[in-house]
Amino acid sequence: MAKRIVTTLIALALVFTALLPVGALSVVPMNDTPHEYSVLPGTDAWIEMSPEERRTATYVDQAEAENMTTRALLITTLGYPFLIDMYCIGYSTDCFLPGNTASAASNGIKIVAETFPPLKELLQRTDAVAEIDSLLKVIDEDTFRNGRMKALDLRQYITSASAASPN
159 MAKRIVTTLI ALALVFTALL PVGALSVVPM NDTPHEYSVL PGTDAWIEMS
209 PEERRTATYV DQAEAENMTT RALLITTLGY PFLIDMYCIG YSTDCFLPGN
259 TASAASNGIK IVAETFPPLK ELLQRTDAVA EIDSLLKVID EDTFRNGRMK
309 ALDLRQYITS ASAASPN
């Protein structure tokens, strides 16, 4: 009888141990709240910071980005003070050659994604274009002009990248 109880307890312990990783993965829900930046351009705190301090203060790590819903990633990305860099750092002389399909914004998006995990994660999401389209339907064109333009450029980049990939 004691042998049977011990065997049953060992079997239950093995089953429980085998199910632990499955349970751990299913317990973590996606975060639907966009990242709140602790400092933004135009504030006194922003003005007092060095450029390096500004980048550090607005950094969102990979783990946080991976746990965000696509909508939260999109809003986090559009609110990123340095997203504007996609228009500045993407330029090369090749962008202006006739017949060249590479755009300055596309190059800039790739470069910003290398240093900003939420954008990198957003570009990998299969529902990113649908979320951008959904957001574009509800944002006011006049009050969110810059964000709207950035969203449209991100949409174009993702659509072009999807069309170019051999899936």
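Remember, our numbering sits 158 above the position in the sequence shown when you count from 1. Just so you know, even glycine gets a beta-carbon here, dropped at the ideal spot from N, CA and C.
- Take E211, set aside five residues on each side of it, and no residue of its chain has a beta-carbon closer than 8 Å to its own.
- Runs of the beta strand (DSSP E) lying entirely within the segment 182–242, each at least 3 residues long, are absent.
- With respect to the C-alpha of A319, the residue from K308, A286, L293 and G237 having the closest C-alpha is A286.
- Membership of D291 in the alpha helix (DSSP H) is indicated by the continuous run A286 to V296.
- In its chain, beyond the 5 residues on either side, L236 and L241 have a beta carbon closer than 7 Å to the beta carbon of K308.
- The residue among F274, P239 and R313 with its C-alpha nearest the C-alpha of T201 is P239.
- A230 sits close to T191, with the two beta carbons spaced by under 8 Å.
- In the same chain as I316, and ignoring 5 residues on each side of it, the C-beta atoms closer than 7 Å to its own belong to L281, A286 and V287, in chain order.
- Judged by their CB atoms, H193 and T227 are not nearer to each other than the 8 Å cut-off.
- Here P276 is buried. Its C-beta has 16 or more other C-beta atoms within 10 Å.
- A Cβ-Cβ contact shorter than 8 Å links V197 with M207.
- Relative to the Cα of N189, the nearest Cα in the group P209, T214 and N225 belongs to N225.
- The DSSP-derived three-state label of I316 is helix.
- By the neighbour-count definition (other C-beta atoms within 10 Å, threshold 16), I267 is a buried residue.
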